[in-house]
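*Asks:* Chains as they are written, first to last, in the working numbering: chain G, 1 to 285; chain B, 286 to 1059.
All C-beta atoms, glycine included, are put in the ideal place defined by N, C-alpha and C.
Have a look at the structure that comes next, please.
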Amino acid sequence: MFPSRFDYVAATSVDEAIAAKGDGGDETRILAGGQSLLPMMKIRLANPSKLVDINGIPGLDVLERVNGHLRVGALVRHADMVASDLTFGAVESAAPWISDPLVRNRGTVCGSVSHCDPEGDWNSVLLATGADVVARGPSGERVIPIGDFVVDLFTNALNEDEMVTEIRIPVPSGRSGGAYLKLERKVGDYATVAVAAHLELGGGGVITKAGLALTSVAPHNLKVTDAEAALVGEMPSEALFAEAGELAAAASSPRDDVRGTAEWKRQVVRTFARRALATAAASAG
Amino acid sequence: MTASGSILGHAVLRREDPKILEGGARYFDDLPIDRMLHVVFVRSTIAHAEVTSVDTSEAVGMPGVVGVYAGDDLELEPIQGFVMLPPVFARPPFAKDRVRFVGDIVAAVVAETRAQAVDAAELVIVDYEPLPVVVDAEAALADGAELLFPEHGSNLAIEFDFGEDPTVLDGAEVVIKQTMVNQRVAAVPMEPNGIIAMSDGEGGLVCHVPTQNPHGLLQPIAAATGLDEDQIRVVAPAVGGGFGAKAGMYVEFAVAAKAALVLGRPVKWTETRSENMVAMTQGRAQVQHVEMGLKRDGTIVGVRVKIYADGGAYPTIGAFLPFLTRTMSQGVYAIPKVEFTSWSAATNTTPLAAYRGAGRPEATAFLERIIDIAADELGIDPVQIRKQNFIPPEAFPITTVTGANYDVGEYAKAIDEACRVAGYAELRAEQAARRERGDVLQLGIGVSAYVEVTAGGLFQEYGAIEVHDDGSVSATVGTSAHGQGHETAFAMIVQELLGIPMERVTVVQSDTALVPRGLGTMGSRSLQIGGSALYKASEGVLAKARQLAAHLLEANADDIVLTDDGRLGVAGVPSSALSWGELAVAAKSGDGVPAEIGESLPPGMEPALAYALDFNQGEATFPFGAHIAVVEIDTETGNVELLRHVAVDDCGRILNPMLVAGQQHGGIAQGVAQALWEGFAYDDDGNPLTANLMDYAMPSAAELPSFEASNTETPTPLNPLGAKGIGESGTIGSTPAVQNAVIDGLSHLGVRHLDMPLGSQRVWQAIRDARTSA
């Protein structure tokens, strides 16, 4: 109910935030929306010695399309994504599935991405669409492909003195489609299983690019590279998507828990991967 | 609304709501009280263990700490859970030698701020020597089971054995057997538990408690603290839901009360949600072994039931509730013979108590499930098999074979109406078409018919009406609303009888200093018992007012009528009428009576325009109804979506249809929740697996369709309002309808029974098993 004692810094610039974070070492956490961090602090599962609040930093709420990317700044809330007409495919499909309206109003996309909770939704979407994470540290900015950024359970590739300033999601120029299918017990629950699918089609409708990633069925959001490889160069079909579904199920490593058995979750992966790809192909037109 | 037209039967808006919706309602945690101290509890993290040491030395020295208590420090007496249970099962507020469930209290820290108390509580060091754990009631009663109270010699809390009847299934051509789990659920009121206990300045206590029953706390708080009952005042401020779990005493109240006396300052306990999920009493938790014998034409010949009920650690009224399950185990059917036995056991889990329905939903659940299995096996439509076994309307009043005195019932009327609203035949056609096509999304249609008992055992209630000099009215009643809308309903009754606008009626409740006695709000009793008390008290005041008016107007009391503008006057002579305020002044026995009104009271009349009584209904009422649920099942993932829920609930004459609909909708949501999502689970070591709202799948409006709730009206002859209870009907009717719908949607695959909650995984597993074995 009450967090342990901690220090609090309200940063007014990214440089100030980075300096404050670097000072505190690994006991310092960035506070953006706080929708994962604060509940964990209240039950004392997380006990950071210092919070660096970035909510007062101007410019971090950028949400725009530029240079073939969708830029999502560190203070863009989930609700901003729901309301925006700049989103597309799996990104657009996933946004309304993020938790509940209260969390969406405060929680940020970049915060969720940085948290690397395997039950978080956004990292699957970013893995499927091939997004980059932009991080800033004392020595400047670096661009980290999402596949490298997601290291493991609650573990990202940031250095202690770095913070995420934005993510960049490539906007396809040709025919494309995507979908995010999520099975949850109730609104606000984590995904029992979710699947992000992204397809780009070339001349004659052949699949030129494929992204498929899974939520809640591995120690981290899982990009199904086998399935992606099997899809590229093929014409969309029920049989092809069923095959991709099998590969996704095989790649997943769910666990038995209060939401259900591993065997059943694998069946949901199989079914949702097939359906998400079919929806992605259909929406590619 | 004028005095000339009846207000009863109108959907009058709840007058409680503006305050609640605008944040003006004061819950106990909002009360601004000076010099408040805060108590935080150190709870066992182990389900069953010997406590080898409790070290509070570090906590005592923490900033702001004024007291750390454990063991016998506060000299609190153990609290007996329920009068019929073994006294040795009484719960000491501080577990001493042994903890018996995760959540049991080992110590308490009192500090200047809540945060300080939390910090200090973390430093109380408890050493445990773990003991074997029992989490299952049936296993708890097996030979050699680990005992929670070794001195008692067994874990049996109470047994209800009405004798074996070897003939109970005689004449059956088919016997259906099924074991069913009516799983444990958490009450999860929006407002968790708590208390503010403070000195009254004269050695006594004032306690502000979010309770359903303020008067019911006087005795147990007195017994625990050593005060007399008349030294204690209990006030229930705005209360955010209870569902039965706030009906009784909690050991936390005793600790806070005694600490307030010892420290001489107000002490507040505000339960957190995580705490609530293990500390507040839970509901249901029965394993039911059921046999039903039938003729091949579907006629029921008898039912045999054996129930193992979980009482939790320190059993309380939950252990008694199988008695109510037995009372209702004939249900709506003309069943000639019922054999019933139940055993309630102590286990290393959170104690069980009343939860919306309290023993009756468990009866409806097994009956409605077993009759559906029978219908499936005999090839009879589920609606048809029910109708052919219903107790016919002409049989009422009737005493059932389990001893329940049903007042009125028209069961076919309710189920016919439910079928009409649902479009039952069309639904069956749609289901057949989907099966024929082998659709991925299959349809399930579930039916339930129920009768339940309301105001059971709590037949009597205090009600008083007093008219004031300004013509306003106080309506004082011993029930205690915590969300139901009694202020609205009871004011409507006063307006109806006295012609005084309900805006001028103040409902006085929920404070033992203002209400001389009361039994609280539970068991769907408040309108029929409390409302009837106010109805009769209003009649009493009206009679007195007519006598007084007759005296003052020098007329015959029989000629005094209530005028259209809400005054009392001689029929046909409107100019002479007296207002309620004028009569109230006159009723003051001459003191300050204006000369123009004339002499004071007639000979023999008591002063004050007031009337008080205890209304006694003498018996319970038995509301009934029928529900139909429609679900869609994704056969590839097992996901279930409730598409429609049709409820036809008969609570007798309806006073305010909006309040009734509110009870139906809320009740249905909680009933559906048990069928599809909720279940409080433990692992084998007694660790709760669902002790927060992330893991415990309580649904919200987003998961539910808009319910189609309507009513038939069969008034009871037992009270002047013709009203029966509606608080629990929705829960009782909906759970089996939804469970039956899911199983009905899978029955063509050979699925015969599934236990709740019917989450996707369980449904998919059943589909897969059926296909594998086919």
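Ordered along the chain, which non-local residues of its own chain (more than five positions away) have a Cβ less than 7 Å from that of V82(G)?
*Replies:* The answer, listed in chain order, is A95, P96, R104.
*Asks:* Count the other CB atoms, across all protein chains shown, that sit within 10 Å of the CB of L127(G); report buried if there are 16 or more and exposed otherwise.
*Replies:* That one is buried.
*Asks:* Can you check which of these residues, V945(B), L989(B), V394(B), N977(B), is closest to E1013(B) by C-alpha distance?
*Replies:* Of V945(B), L989(B), V394(B), N977(B), the residue nearest in Cα terms is V945(B).
*Asks:* Determine the contact status of G816(B) and A740(B), defining contact as a CB-CB distance below 8 Å.
*Replies:* No, these two residues do not count as a Cβ contact at 8 Å.
*Asks:* Quick one: give me the first and last residue of the beta strand (DSSP E) that A653(B) is part of.
*Replies:* In the sequence under discussion, the amino acid at residue 653(B) is Glu, which differs from the Ala named in the question. Note, E653(B): premise wrong, no beta strand (DSSP E); alpha helix (DSSP H) at 645-663.
*Asks:* Please report the straight-line C-alpha distance between M286(B) and V752(B), rounded to a whole angstrom.
*Replies:* Confidence is the limiting factor: at M286(B) the pLDDT is only 37, short of 50, which leaves the residue's position unreliable, though a coordinate-based value still follows. Straight-line Cα distance between these residues: approximately 20 Å.
*Asks:* Within 10 angstroms of the Cβ of D1029(B), are there 16 or more other Cβ atoms? Answer buried if so, exposed if not.
*Replies:* D1029(B) is buried by the Cβ-count criterion.
*Asks:* Quick check: what's the CA-CA separation for A288(B) versus G851(B)?
*Replies:* The predicted model places A288(B) with a pLDDT of 41, which falls under 50 and marks its position as unreliable; any figure quoted below should be read in that light. Straight-line Cα distance between these residues: approximately 6 Å.
*Asks:* Expressed to the nearest angstrom, what Euclidean distance is found between the alpha-carbon atoms of N924(B) and V1048(B)?
*Replies:* N924(B) and V1048(B): Cα-Cα distance of roughly 7 Å.
*Asks:* Out of L726(B), A472(B), N996(B), which one is the CA nearest neighbour of C1062(B)?
*Replies:* Within the shown structure, residues of chain B are numbered from 286 to 1059, placing residue 1062(B) beyond reach of any answer.
*Asks:* Whose Cβ in chain B lies nearer than 8 Å to the Cβ of T215(G)?
*Replies:* What T215(G) touches in chain B: nothing, since even the nearest Cβ is about 15 Å away.
*Asks:* Take the Cβ of S237(G) as the centre, count every other Cβ of all protein chains shown within 10 Å, and call the residue buried at 16 or more, exposed below.
*Replies:* Burial call: exposed.
*Asks:* If you reduce the DSSP assignment to three classes, tell me which class V269(G) lands in.
*Replies:* DSSP places V269(G) in helix when its eight states are reduced to three.
*Asks:* On the three-state DSSP scale, how would you describe M979(B)?
*Replies:* Looking at M979(B) - three-state DSSP - the assignment turns out to be coil, as it is neither helix nor strand.
*Asks:* Can you give me, in chain order, the residues of the segment 941-965 of chain B that have a beta carbon less than 7 Å from any beta carbon in chain G?
*Replies:* If the cut-off is 7 Å between Cβ atoms, the segment 941-965 of chain B has W962 near chain G.
*Asks:* Could you give the distance in angstroms between the alpha-carbon of D132(G) and the alpha-carbon of V268(G)?
*Replies:* Their Cα atoms are separated by approximately 28 Å.
*Asks:* What first and last residue would you give for the beta strand (DSSP E) that runs through R175(G)?
*Replies:* Its beta strand (DSSP E) spans residues 175-183.
*Asks:* Applying the 10 Å Cβ sphere with the 16-neighbour rule, what's the burial state of Y747(B)?
*Replies:* By the neighbour-count rule (16 or more Cβ atoms within 10 Å), Y747(B) is buried.
*Asks:* Relative to chain G, which residues along the segment 1022-1054 of chain B have a C-beta separation below 9 Å, given in chain order?
*Replies:* Within the segment 1022-1054 of chain B, the qualifying residues are G1044, S1045, Q1046, R1047, W1049, Q1050, R1053.
*Asks:* State yes or no: is the beta carbon of L153(G) nearer than 8 Å to at least one beta carbon in chain B?
*Replies:* For L153(G), the answer is no, since every Cβ of chain B falls outside 8 Å of its Cβ.
*Asks:* Taking the alpha carbon of D595(B) as the reference point, which residue from S291(B), A424(B), N841(B) has its own alpha carbon closest?
*Replies:* Here the closest residue by C-alpha is A424(B).
*Asks:* Are the C-beta atoms of P973(B) and some chain G residue less than 8 Å apart?
*Replies:* No, its Cβ sits nowhere closer than 8 Å to a Cβ of chain G.
*Asks:* Among the candidates A630(B), V870(B), A539(B), M983(B), whose CA atom is the shortest distance from the CA of V572(B)?
*Replies:* Comparing Cα positions, the closest option is A630(B).
*Asks:* If G947(B) and A932(B) are in contact, beta carbons under 8 Å, what's the gap, nearest whole angstrom?
*Replies:* Incorrect: roughly 13 Å between the Cβ atoms, too far for contact.
*Asks:* In three-state terms, what does DSSP make of R29(G)?
*Replies:* In this structure, R29(G) counts as strand in the three-state DSSP scheme.
*Asks:* Below 8 Å CB to CB, which residues in the same chain sit around N841(B) once its five sequence neighbours on both sides are set aside?
*Replies:* Result list for N841(B): A835, in chain order.
*Asks:* Measuring straight from C-alpha to C-alpha, what distance separates P172(G) and A210(G)?
*Replies:* So the two alpha carbons sit approximately 12 Å from each other.
*Asks:* Does A400(B) come within less than 8 Å of chain G when only Cβ atoms are used?
*Replies:* Output row for A400(B): interface = yes.
*Asks:* So with CB distances below 9 Å, who are the chain B contacts of Q267(G)?
*Replies:* Neighbours of Q267(G) on chain B, chain order: E921, T922, G923, W1049, R1053.
*Asks:* Please confirm whether P984(B) has its beta-carbon closer than 8 Å to some beta-carbon of chain G.
*Replies:* Taking Cβ atoms only, chain G reaches closer than 8 Å to P984(B), which makes this a yes.
*Asks:* Would you call the segment 365-374 of chain B in contact with the segment 409-423 of chain B, where contact means no fewer than 3 C-beta pairs closer than 8 Å?
*Replies:* Too few Cβ pairs lie closer than 8 Å, so no.
*Asks:* Identify whether M483(B) lies in helix, strand or coil by the three-state DSSP scheme.
*Replies:* Strand at M483(B).
*Asks:* Which of helix, strand or coil does DSSP assign to S112(G)?
*Replies:* S112(G) falls in the helix class under three-state DSSP.
*Asks:* Grouping DSSP H, G and I as helix and E and B as strand, with all else coil, what is M286(B)?
*Replies:* In this prediction, M286(B) has a pLDDT of 37, which is less than 50 and means its spatial position is unreliable; nothing more can be read from the coordinates.
*Asks:* Examine the Cβ distances between the segment 908-922 of chain B and the segment 699-707 of chain B and report whether three or more of them are shorter than 8 Å.
*Replies:* The segment 908-922 of chain B is in contact with the segment 699-707 of chain B.
*Asks:* With DSSP run on the structure shown, which of helix, strand or coil describes H78(G)?
*Replies:* Three-state DSSP puts H78(G) in a helix.
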